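The structure appears right after this line, and notes come after that.
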Amino acid sequence: AISSMTGFLSYITIWSSHFVLSYTLTAADRCPRGWLQYQGNCYGFFHNKLSWHEAEIECQSYGRGTHLASILARAETLMVSKHISIDKKETGVDVWIGLHDTHQVSI
Numbered sequence: 018a019i020s021s022m023t024g025f026l027s028y029i030t031i032w033s034s035h036f037v038l039s040y041t042l043t044a045a046d047r048c049p050r051g052w053l054q055y056q057g058n059c060y061g062f063f064h065n066k067l068s069w070h071e072a073e074i075e076c077q078s079y080g081r082g083t084h085l086a087s088i089l090a091r092a093e094t095l096m097v098s099k100h101i102s103i104d105k106k107e108t109g110v111d112v113w114i115g116l117h118d119t120h121q122v123s124i
């Protein structure tokens, strides 16, 4: 999920039982404990089995304009994938990252 203090909204979804959310930091902000900080954004990784719509609502419940993450750059993709891979080693659960499928209503 991506939260932005400037109103930026986009999305990425992680299919399976996990999803990623993020938000943009202001100068005085810090990421919550256990979240990945990368280039002014915070990325949270969650183990909730939700549909895309439910995951987006869950992201928004964190406030601060938080939404499902949109990963737009190669370096950002590599950083987030590394973070997810570390979690996969601990949980053994497969994770898929992809764009929202408007025809899929549940996972």
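So the sequence shown is numbered by my numbering: it starts at 18 and just counts up by one.
Yeah, the Cβ is synthetic: ideal placement off N, Cα and C, and Gly gets one too.
As the structure is a prediction and not an experimental result, all values here were calculated from the model.
Residue environment analysis places residue 72 among the buried positions, since at least 16 neighbouring C-beta atoms fall within 10 angstroms of its C-beta. Inter-residue distance for residue 52 and residue 79 is about 13 Å (C-alpha atoms, whole angstroms).
Between the beta-carbon of residue 76 and that of residue 89 there is about 17 Å, and that puts the pair past the 8 Å contact cut.
The straight-line gap separating the alpha-carbon atoms of residue 81 and residue 59 is approximately 11 Å. The C-alpha of residue 62 is placed about 14 Å away from the C-alpha of residue 69.
When DSSP states are grouped into helix, strand and coil, residue 84 belongs to the strand group.
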